[in-house]
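Enquirer:
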Amino acid sequence: MRLNGKLTVICHELTPHVRFALEQGQITAVITQNLGHLARSTLRVLRAKVDNQPLDEGQEQIRIEIVLRENLPAQPAPALEPRIDQVA
747 MRLNGKLTVI
757 CHELTPHVRF
767 ALEQGQITAV
777 ITQNLGHLAR
787 STLRVLRAKV
797 DNQPLDEGQE
807 QIRIEIVLRE
817 NLPAQPAPAL
827 EPRIDQVA
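Throughout, the working numbering is defined as the position within the sequence shown, counted from one, plus 746.
#1: Based on Cα-Cα distance, which residue from Ser-787, Asn-798 and Ala-767 lies nearest to Val-776?
#2: Which of the three DSSP states is assigned to Ala-794 in this structure?
#3: Quick one: does Arg-790 have its CB under 8 Å from some CB of chain B?
#4: Under the DSSP definition of a beta bridge, which residues are partnered with Gln-805?
#5: Since Thr-778 contacts Leu-760 with CB under 8 Å, what's their CB separation in whole angstroms?
#6: Could you tell me which whole alpha helix (DSSP H) segments of length 4 or greater appear in the segment 759-783?
#7: For Val-791, collect the residues of the same chain with a Cβ closer than 7 Å to its Cβ; drop the 5 residues on either side in sequence, then sort them by chain order.
#8: Report yes if the C-beta distance between Ile-808 and Leu-789 is below 8 Å; otherwise report no.
This is the structure we're talking about:
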């Protein structure tokens, strides 16, 4: 709890709901990771273990990011749905 009596709320992963709550001031911070890097690293480690190969430790360090309302990344543009007249 902060000195002013308000709770500090920290979440994990920047989902649309968490983003909205962060923008509204309901959440203080978000800890997030690059899920693509996490998945690729997992596969590389498993493959190296199966093949009895050494790991490149530097490549497998998963970076975390702390997101606040002040450094919130721009929201990605929504994917465009193909129109019916554009479908082959």
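Here a beta-carbon is modelled for each residue, glycine too, at the ideal position from N, C-alpha and C.
Quantities reported herein were computed from a predicted structural model and do not represent experimental measurements.
Expert: Put simply:
#1: Ala-767
#2: helix
#3: No chain B appears in this structure, which consists of one protein chain only.
#4: Note: Gln-805 sits in no beta bridge, so no partner.
#5: 5 Å
#6: 762-769
#7: Leu-801 and Glu-806
#8: no
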